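Line by line, the protein sequences give chains A and B. For what it's worth, the numbering used here labels the leading residue of the first sequence as 20, then goes sequentially. For what it's worth, the numbering used here labels the leading residue of the second sequence as 5, then goes sequentially. No residue lacks a Cβ here, since even glycine has one placed at the ideal position from N, Cα and C. All values derive from a computational prediction rather than experimental measurement.
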Amino acid sequence: MKQTIKDKVAVVGTGLSKFGENYTLTYHDMVIDAAFAALDDAGLSVKDIDAAWLGTSYPDESGLEGNSGASLAEPLGLYPKPVTRVANYCATGADAIRNGAIAIVSGLYDYVLIVGVEKMREVPSRGTLLARHVLKTHPLLCKGRTMPGLFSLVANRYFETYSGYDPRKTLSSVAIKNHFNGSLNPKAHFQRVVTEQEIAASPLVADPLRILDCCPTTDGAAAVVLTSREIAERRGHDYVLIKGIGMSTAEGWYSLHFNPEMDFTSFRASRDAAQAAYDEAGIKDPSKEIGVVELHDAFTSAELVDTEDLRLFGRGEGGRMAMEGVTSLHGEIPVNPSGGLKSFGHPVGATGTRMAVEIVNQIRGRCGSRQVRSPKMGLLHNLGGPGCLGIVMVFGR
Amino acid sequence: MFRVPRSTVGETWGHARAAGERPIASYDEDSLTMAADALAKCIGHPLCPAKPDGVFFASTTAPYWEKQSSTLLAVVSGLGRSAITADFASSLRAGTAAVKSAVDAVSSGAAKSLMVVASDCRPAQPGAPFEAWTGDSAACLEIVGDERQCVAEIEAIHQVNEEFLDVWRRSDEAFVNGGDPLFSGPHGYVRLVSESILGLLQKANLNQSQINRIAVNGPDYRSYQSALAKAGFSQDFVRRSDAGHWLAHGDTGTTAPFAALAQVLMNSQPGDKVILAAYGNGNCDCLLLRVNDRINEMKSLSPGPNAPTSRILDYPQYLRLKGLLTDESLNPYSSPALLWKEQKQNLLLLGTKCRQCSTFAYPRRRVCLKCGSKDDFEDAGLGRTGRIYTFSVERVFPSPGPTVCMAVADMEGGGRFYAQVADCEPGELKVGAPVELCLRKLHDGGGYRNYYWKFRLSRVNC
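#1: With H, G and I counted as helix, E and B as strand and the rest as coil, what does DSSP make of residue 71 of chain A?
#2: At a CB distance below 7 Å, what residues from the segment 179 to 198 of chain A approach chain B? Give them in sequence order.
#3: Name, going along the chain, the residues of the segment 140 to 167 of chain A whose beta-carbon falls closer than 9 Å to a beta-carbon of chain B.
#4: Are the segment 47 to 67 of chain A and the segment 263 to 277 of chain A in contact at 8 Å, needing three or more beta carbon pairs?
#5: Can you name the residues of chain B whose CB is closer than 8 Å to the CB of residue 220 of chain A?
#6: Let me know the secondary structure DSSP gives residue 281 of chain A once reduced to three states.
#7: Which class does residue 143 of chain B belong to by DSSP, given the choice of helix, strand or coil?
#8: Can you give me the C-alpha to C-alpha distance between residue 349 of chain A and residue 391 of chain A, rounded to a whole angstrom?
#9: Does the Cβ-Cβ distance between residue 162 of chain A and residue 347 of chain A come in under 7 Å?
#10: Using the Cα positions of residue 99 of chain B and residue 260 of chain B, report the straight-line distance between them to the nearest angstrom.
#11: Going straight from the alpha carbon of residue 321 of chain A to that of residue 389 of chain B, what length do you get?
#12: Residues in the segment 352 to 372 of chain A with C-beta within 7 Å of chain B's C-beta atoms, listed in sequence order?
#13: Please tell me whether residue 5 of chain B and residue 396 of chain B are closer than 7 Å, where the distance is taken between their beta carbons.
#14: Assuming residue 237 of chain A and residue 366 of chain A make a contact with CB atoms under 8 Å, what is their CB distance in whole Å?
#15: For residue 112 of chain A, does the three-state DSSP call read helix, strand or coil?
#16: In the DSSP assignment, find the alpha helix (DSSP H) that holds residue 41 of chain B and state where it starts and stops.
#17: Please state if the CB of residue 284 of chain B and the CB of residue 126 of chain B are separated by a distance shorter than 7 Å.
#18: Taking the beta strand (DSSP E) that residue 208 of chain A falls in, what are its first and last residues?
#19: Does the distance from the CB of residue 459 of chain B to the CB of residue 384 of chain B come in under 7 Å?
#20: Below 8 Å on the Cβ atoms is my contact criterion, and I expect residue 368 of chain A with residue 74 of chain A to pass it. Report the Cβ-Cβ distance as a whole number of Å.
#21: Determine the direct distance from the alpha carbon of residue 319 of chain B to that of residue 7 of chain B, and round the result to whole angstroms.
#22: According to the Cβ coordinates, are residue 207 of chain A and residue 31 of chain A closer than 7 Å?
#23: Run through DSSP, which three-state label would residue 167 of chain A get?
#24: Along the chain, where does the alpha helix (DSSP H) that runs through residue 320 of chain B open and close?
#25: Could you tell me if residue 400 of chain B is buried or exposed, where buried requires 16 or more neighbouring beta carbons within 10 angstroms of its beta carbon?
#26: Please confirm whether residue 176 of chain A has its beta-carbon closer than 7 Å to some beta-carbon of chain B.
#27: Whole angstroms is fine: what's the gap from residue 412 of chain A's alpha carbon to residue 436 of chain B's?
#28: Show which residues of chain B have a CB atom less than 8 Å away from the CB atom of residue 224 of chain A.
#29: Output, in chain order, the set of chain B residues within a Cβ distance shorter than 8 Å of residue 277 of chain A.
#30: Taking only three categories from DSSP, how would you classify residue 410 of chain B?
#31: Indicate the three-state DSSP secondary structure (helix, strand or coil) for residue 466 of chain B in the structure shown.
#32: Mind pulling the alpha helix (DSSP H) runs of 4 or more residues that sit fully within the segment 200 to 267 of chain A?
#33: What does the Cβ neighbour count give for residue 33 of chain A, buried or exposed, with the cut at 16 atoms within 10 Å?
#34: Compare the C-beta of residue 172 of chain A against all C-beta atoms of chain B and say whether one is closer than 7 Å.
#35: Against residue 393 of chain A, what residues of chain B qualify as contacts under a CB-to-CB distance less than 7 Å, listed in chain order?
#36: If the cut-off is 8 Å on Cβ atoms, which residues from the segment 240 to 274 of chain A count as contacting chain B, listed in chain order?
Structure follows, in structure tokens:
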């Protein structure tokens, strides 16, 4: 019979560094902050960890660390344990968890540690993610593309396809919601509310997307500790189970834009990953069964299509649901209660892991003023590259 | 391509206000991309006989001192590995030098037909008095050996060579230089052009009254008038020949004689005798053409003069495009080996068609995504026209302009393409808008020119 992952892997510890322009913190500092917070939460010490996974997507941005698991072992003193570095565009942090979870199911290790971390600031002007797209991509194909530009292609097609929307108001409703949630989160990069006027007045980045439609450039680290359900039970951890994981590789780095089947209002990578995760978790109607969602809102237009790809709403309804408050903190399906990428930025390797931290703690009921009403199941979602990768992970008790 | 009112150029420098508009290439164009455009239109013309045997490129502003431009032109035009290619340079008469060589080639039977494309971005120093009258332009014509296929036959050729310093540009200079025009006008251009024309008339045993029109370049309108008067032509003849061309085009380098010829031919009748002349630095070529019946076919196939649709810029925008108000220069990754490996895909726009399941793929694929067959495909061309499916306006991508417009388009015949949209204002992008592909210079990554395709909104060109 085919192996499954459902109810076999338990998250027993979570931790975050501060997310922000962490000029006072090194890469190692952020790793230590997040990892020790997770270990403390689990009541463990470094010695208890049998293997680890480091999620870092762009080590050469800061030029110093992240190209190998050694960058995790060194600051924590994890020697001589095996540590693997994972890189999978924006799905890095979640894919690192997926790899750790598979290792737990294998039975080879009792406790594994996953840390997702990225240093995006403190780089020379050509070292940013944008400059990377300009200078380090194919000399000809897609030259001119930026990530906000991709989600501008999406926004323009979305509002061309679905009538009855005021594009500016619809996009802004997502930014307003996520910034409000972030204002309640002491770990967020941006902890202040933004208004519709502010958003509409902010400079254009890729029409119609303005600066406040885009996530900021941020440093940060997140960590989780995983073990088997048996060990979690036996040792009395406050644990949340992984119910299902789906990961789909759908496109290459350049191919999305040349694919005649791409309609730019949906990403196959997200749809297929969600379907696989729901099948594993036994979820038939996510709009009724999922109580809290952290999804990939790198840009406001992304959140609209993500909610539809996750089948929380029907095609073309994502905008309406955002406008009507269905996805707000106390709405029917709260989306990005942490504040999302909008408030936390997108330290690429950290994001997926950070989302897991939020979902697990929402299910545990530990989110204070951000707590959503008793979620039975929650999910995280990342969309990586220009539509290359999708990953969805469902959690529950 | 854009236009700058000549008056704004003059105003900036306190020169006399000049009339009309100066054509200017965009930052992603150069003499090679403009030539590619003209060449594509000419080869695609219904009157153009089957695939030519080669292409000659004439310019004083080629993108390289050392790297032939006609090669790339032959490649993107699909002329094959054995095409005859050559660059002609160093003088405003380079275009007619190329024509003469093409005539020799088709006369000897070395080729059935050859394309001659002249293209220049005439480089004037900001503030130079003639700056407003320089322009960027390209023109293409085809020389054929079979007289049944041509619209005009070349009946006689005469040239004059004299060592003369009037206008020059040293290899270490960016801008065209010149001596005292009060000397070099009358004693250079005027004398030598008239001498060359008179020599041609004598060779052909004709007198001035038997010539219907002349197409010739010149440094300014007054010199042009004087040269023709000295060659014995009437004022009426001068007016008839020019017909507003000088005002419209000005001094567009090697292109100028051909641009003038295009205008002259459109105003000609079968049986007319027309002179094509080009002058540069003491050299003057004169060719006698006899227009034949096919000119009527050419006229009926050509759109009439259209109101130009390209955008009008102001002078600072012009300086920015000319790279004279420069940004930090971009040096993206590029690799000669990579570009060489990918020529079929990137320059010829050839995708792959799976032999097993007929699935078309662009970019090219060795492993079919639908049926999994490996290395079992044939080349299949991507269409050159299409309609916008969606678009974006990039404002943070570094560029000489404030925005980089991008579009995803469904291409004619199937497949999708994603690229920059050249010469485009953000407000012009609409889902469903028709677009065509044009060759542009993307950047100078690696230290060489990286040419690739961009979209351009389809509109009537002038």
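Taking the geometry as given:
#1: strand
#2: 179
#3: 149, 150, 152, 153, 154, 155, 156, 157, 158, 159, 160, 161, 162, 163, 164, 165, 167
#4: no
#5: Neighbours of residue 220 of chain A on chain B: none; closest Cβ ~15 Å, over 8 Å.
#6: coil
#7: strand
#8: 6 Å
#9: no
#10: 9 Å
#11: 30 Å
#12: none
#13: no
#14: 5 Å
#15: helix
#16: 35 to 47
#17: no
#18: Element bounds for residue 208 of chain A: n/a, residue is neither H nor E.
#19: no
#20: 4 Å
#21: 10 Å
#22: no
#23: helix
#24: 319 to 325
#25: buried
#26: yes
#27: 38 Å
#28: 399, 400
#29: 366, 367, 419, 420, 421, 422
#30: strand
#31: Because the pLDDT at residue 466 of chain B is just 34, under 50, the model does not fix this residue reliably, and the point stays unresolved.
#32: 215 to 220, 248 to 253
#33: buried
#34: yes
#35: Correct list: empty, because the minimum Cβ distance to chain B is about 41 Å.
#36: 273, 274
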